[in-house]
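A short worksheet on the structure shown next.
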Amino acid sequence: MFVSPMLLHKAADNLPFNDEKWITELKLDGIRLLYTKLKGITRLYTRHNNEVTKHYILNFIWANYKYISIPWLILNLAHLICAK
81 MFVSPMLLHK AADNLPFNDE KWITELKLDG IRLLYTKLKG ITRLYTRHNN
131 EVTKHYILNF IWANYKYISI PWLILNLAHL ICAK
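Numbering-wise (my numbering), the sequence shown opens with residue 81 and increments by one.
Spelled out as structure tokens, the structure:
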């Protein structure tokens, strides 16, 4: 089930948000993705429900697997990710 993320809206009073009951995060640049893991399958989606997992596969592998048993693959992944 896809739940669209809340988009940025200007506050009615135009004052900074400050409430101890909430945690807020400013997003000024970059990319926001939705992460799902259902039945052991991890996927990444945009706010428009477009799956983009394949575009981030190297980062996904690096972040999700502590050890891959092919040494040359580890070295190649590290080189590609660090070269960004």
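Glycine residues also receive a C-beta, built at the ideal position from the N, C-alpha and C atoms.
Could you say which of the options lies nearest to residue i if we only look at CA atoms?
{"i": "L114", "options": "R127, F97 and H135", "result": "R127"}
{"i": "P85", "options": "N94, R112, D93 and V132", "result": "R112"}
Should residue i be labelled buried (16 or more other beta-carbon atoms within 10 Å of its own) or exposed?
{"i": "L88", "result": "exposed"}
Assuming residue i contacts residue j (C-beta within less than 8 Å), just tell me the rounded distance between them.
{"i": "F82", "j": "N129", "result": "5 Å"}
Could you give the distance in angstroms between the alpha-carbon of residue i and the alpha-carbon of residue j?
{"i": "Y125", "j": "K119", "result": "17 Å"}
{"i": "E100", "j": "T133", "result": "35 Å"}
{"i": "D93", "j": "W102", "result": "18 Å"}
{"i": "T116", "j": "L95", "result": "33 Å"}
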